[in-house]
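For the protein sequence lines, the chains are A and B, in the order given.
First residue of the first sequence? That's 0 in numbering that gives the first Met the number 0, and the numbers climb one at a time after it.
First residue of the second sequence? That's 0 in numbering that gives the first Met the number 0, and the numbers climb one at a time after it.
We put the CB at the ideal spot given by N, CA and C, even for glycine.
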Amino acid sequence: MTDTMNLNRRSFLIGSAAAGGGLMLSLTLPFLASAEANAAEAAHGIPPEVNAWVVIRPDDTVVVRIARIDMGQGTLTGLAQMVAEELECDWAKVTTEYPTPGENVARKRIWGDFATVGSRGIRNSQDYVRKGGAAARMMLIQAAANEWKVPAAECVAANSVITHRPSGRKTSYGKVSDAAGKLEAPKEVPLKDPKDWKLIGKSVKRLDTLPKLTGKQIYGADLKLPGMLNATIKDCPVFGGKLTSFDAAKAEGMPGVKKVLRVGDSAIAVVADTWWHAKTALDAIAVVWDGGENAKVSSASIAEMLKEGLSAEQAFVNNEKGNAKAAIVGAAKKVEAVYSYPFLNHATMEPMNATALYTADRCEVWCPTQNAEQALAVTAEASGLPIAKCEVYRLNPGGGFGRRSFSDYVAQAVRIAKEMPGIPVKLLWTREEDMLHGRYHPIMQAKLTGGLDSAGNLSGLHIRLSGQSIFASVHAAALVNGMDVATFQGYWPKGEASLEYTIPNLLIDHAMRNTHVPPGFWRGVNINQNAIFLECFMDELAHAAGQDALAFRRKLMKGHPQSLAVLNAVAEKGGWGKPAPKGHYRGLAHFRGFGSYIAACVEISVKDGNKVKIHRIVGATDCGHAVNPAQIERQVAGSFVYGLSALFEEECTVKDGRMEQTNFDSYDSMRIAQMPKVEAIVLPSGGFWGGVGEPTICVAAPAVLNAFFAATGKRIRTFPLKNHGIELV
Amino acid sequence: MARLTINGKPYEFDVDPTTPLLWAIREQVGLTGTKYGCGIAQCGACTVHIDGTAVRSCSVPVSAAEGKKITTIEGIAAGDVLSKVQQAWLDHEVPQCGYCQSGMIMAVTALLQEKPKPTDADIDDAITNICRCGTFQQVREAIHAAAKA
Ligand code: FES
Ligand code: FES
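Next comes the structure, spelled out in structure tokens:
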């Protein structure tokens, strides 16, 4: 390794530490370092790698290392496609593996960022994983050329076979991978022109389907280790409260129970031979909690606090142009509406869990996580051991949706394991614990005021947000002079979540009102509520102006060709402006988030004034480059299920400082009978990399609400719809 | 002592007869393809067959399954040959995270035994499993494909 490379990696480390979560990292070719690693791995009998991203076995199997986690969104396959595209390997021979965060630390973050959040699994690593594949190809070719004593330029690679063109000699990747791993990495690594892609852009089958059909896939909850014990936990149901006391006498005599213990100052856990024994014993323990001041908080008191913020003097301004307030005062017509959006739990299908094994000089954790590097840091902190003595092994998550970007359950598992040194302990939460200790979608109210001139043009718009900031709670260093820019997602003046309307007088501000409820990143994050607020209000404005909802929007979108393209695409396919089937009504919405442009056109009917049937949703996304269109279509449809489940059924309400919903009986989720026909349009316009897993979620709800207005003349502005007696059928 | 027949194999183990069948299958027998999602018969992740009927095993005590034929997700393929439902699931790439899919596949397998050519309405009535990833569109396609296979 040269000094320059060391310098590069060091600057990367500094850059990433300063950038913190959520920001683009100043990454410089993080794959240049194999010779050293190979020497170490050979000693352990591990097949040598060509570089950190690619291992090729003698039988030509290609192992692609995946730094991000696949929690169902297809990232694993997409990332492998990108490496394989440049590697020119035989796709049929590709498998994948997850490196560990401990290896990443030991190898100076050679794989970059592991965090799989913000729909950036692909878009923020596409550059260096493609370079990883390309560099490996160059080294394999070089190794073959060296063996043949010919110039590398005379050799080509395709389908894992290297051919020396002049002589026609051939060899396979498996035969030269050993030699390739010993070569210096190339300094210049050119990438293919997108028009030459053969694998990127193709709907190849996912690499990870089969074990999910046979019961063989091991999720975190399924892990078994020799001698392992099982635990379950109850944390004080009032957020921020304490565990006062408990009577363990009865539980300690119950079958299989090994230990009843206090975890930190707020939780109690039972460790037993089986999980069922642990749970049964924990349920038998009378626990006294001290909720403290927070026990006085209720949904009503939180709503009061947010309501005050709607007219508060002080607010953070993120997007301002002209003089919105004056324009509205002077407008021919003024329209005003107040919306509110509730707390939501992720309710991943698999509850939180982690398995930990602690000894005096090592702590290992096995868990599903979207944030393995954070999980490693938390393991070190909770165990009291240095990071070098800790390791985290990633297991398949049964859903993530943002919840598994937090490591609270990892800390708990380590603390429990620390009380049982030498014995692996699996901590699995009950669904009830999962519902009571989420990282909730932030609660938000919005007052929108718009002014229309005499011709019905929008002359001024003020959006006042009042509610919770995620970053103030999870990463205060990311606030900008106290402002949480992420709160304005989709309303930004520019950037990956920009406002896609040009409005002459505009003011968008946020009265930050934080609660004791821990907020988190919930699939889509702040575009969920922001799209409802803006896109329903746009419909209100169009209605007040006596204009067609599409025409009204189009007038404001002249400088936004990509948004206009997706909106036009759904309008056309959805039949906007054409007669709908009898009793069917349509609604539209579009938005921008995670770099992508998205739109939806829905068609619904409403029976008895409250039974909503969604007949179809046409959803379009322009995510720049589409790596695997079939998987994108699944993300579009899946995100609609998640978003519409919330719109119709879900909210977490606070009583006495704690959440009232404890399971799917009070926090329902859409079933197949309610599933609309989703027609996804993937419109990759090229030239940029936008997210896929999250953005589309936000357009389904406002489109449905707008269609509901068209059908019934009723505007619903608080959610979920079940509170208004409206159901999805 | 409980005696269960799971996927054609007899098992005998010491367990409180009130233990939910789900946890006996997962912890005593060691078959972890059957999942825990809610524990209160809401989500269907724990679906298995008792004498060919789909049941939510989190809400059935071991005692109620004694002497009956239990089938889990691990027992529906014939060796390496997938069942027609599994094959349709593979062809249509149904799973996202996959956590709900054992239960989904077991519920669908029971449906197809009862109604080999289900209509969409039959599917809506019989399949009430939760899938938080939202795979329903592919689930429906794959059910119809399996019915034709
Ligand atoms: S775990 Fe049995 S229905 Fe949910
Ligand atoms: S595939 Fe993830 S919950 Fe259904």
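Set against 6 angstroms, the gap from the CB of G97(B) to the closest heavy atom of ligand 2 is smaller.
Under DSSP, the beta-bridge partners assigned to F590(A) are I597(A). Rounded to whole angstroms, the gap between the alpha carbons of L139(A) and Y172(A) is 7 angstroms. For T52(B) and T273(A), the gap between their C-alpha atoms comes out near 27 angstroms. The residue from I327(A), V605(A), G519(A), F593(A) with its alpha-carbon nearest to that of P580(A) is V605(A). When the five nearest sequence neighbours on each side are left out, the beta carbons in the same chain lying within less than 6 angstroms of the beta carbon of D667(A) are those of E648, in order along the chain. Within the DSSP secondary-structure output, M137(A) pairs in no beta bridge. Spatial neighbours of M253(A) in its own chain (CB-CB distance under 6 angstroms, excluding positions within 5 residues in sequence) are listed in chain order as A280. Counting C-beta pairs with one atom in each stretch, the region 691 to 700 of chain A and the region 309 to 319 of chain A have fewer than three that are closer than 8 angstroms, which means they do not touch. Distance check between L464(A) and each of H474(A), Y584(A), Q488(A), S472(A) places Q488(A) closest, using alpha-carbon atoms only. DSSP, read as helix, strand or coil, puts H624(A) in coil. Counting C-beta pairs closer than 8 angstroms gives three or more between the region 533 to 541 of chain A and the region 441 to 454 of chain A, which meets the contact rule. At a beta-carbon threshold of 7 angstroms, the residues of chain B lying near K204(A) are E92, ordered along the chain. Along the region 655 to 673 of chain A, the positions whose C-beta sits under 9 angstroms from a C-beta of chain B are N662, F663, D664, D667, S668, M669, R670, I671, A672, Q673, read in chain order. Linking D207(A) to V626(A) through their CA atoms gives a straight-line distance of about 17 angstroms. The beta carbons of L549(A) and A570(A) sit closer together than 7 angstroms. Contact of L224(A) with chain B is not assigned, every C-beta pair being separated by 7 angstroms or more.
Any Cβ of chain A closer than 7 angstroms to the Cβ of L89(B) would place that residue at the interface, and such an atom is present.
Membership of M304(A) in the alpha helix (DSSP H) is indicated by the continuous run 298 to 309. Contacts with chain B (Cβ-Cβ distance below 8 angstroms) from the region 361 to 373 of chain A involve no residue at all. In the three-state scheme derived from DSSP, where H, G and I count as helix and E and B as strand, T378(A) is classed as helix. Within the region 57 to 78 of chain B, the residues whose Cβ lies closer than 8 angstroms to some Cβ of chain A are T71, I72, E73, A76, listed in chain order. Cβ neighbours of L478(A) within its own chain (closer than 7 angstroms, five residues either side excluded): F470, A471. By the 16-neighbour rule on beta-carbons within 10 angstroms, G240(A) is buried. The beta carbon of Y10(B) does not come within 7 angstroms of any beta carbon belonging to chain A, so the residue lies off that interface. Residue pairing from DSSP places D234(A) in a beta bridge opposite A266(A). Scanning its chain for C-beta atoms nearer than 8 angstroms, with the 5 sequence neighbours on each side dropped, one finds around K257(A) the residues L228, V270, A271, D272, M419, in chain order. Cβ neighbours of I104(B) within its own chain (closer than 7 angstroms, five residues either side excluded): I72, V84, Q85, W88. Look at P94(B): its beta carbon is less than 6 angstroms from one of the heavy atoms in ligand 2. Of the residues assessed, Q411(A) falls on the buried side of the cut-off, its CB having 16 or more other CB atoms within 10 angstroms.
Among the residues of the region 96 to 111 of chain B, those with a Cβ less than 8 angstroms away from any Cβ of chain A are C96, G97, Y98, C99, Q100, S101, I104, in the order of the chain.
For T243(A), not one C-beta of chain B is nearer than 7 angstroms to its own C-beta. When the beta-carbon positions are compared, S202(A) and D234(A) stay at least 7 angstroms from each other. If only complete runs of 4 or more residues are kept, the region 150 to 212 of chain A shows the alpha helix (DSSP H) at 172 to 180, in order along the chain.
In this structure, DSSP gives C389(A) an extended state, which the three-state scheme calls strand.
If you check the C-beta of R131(B) against ligand 2, you find a heavy atom less than 6 angstroms away.
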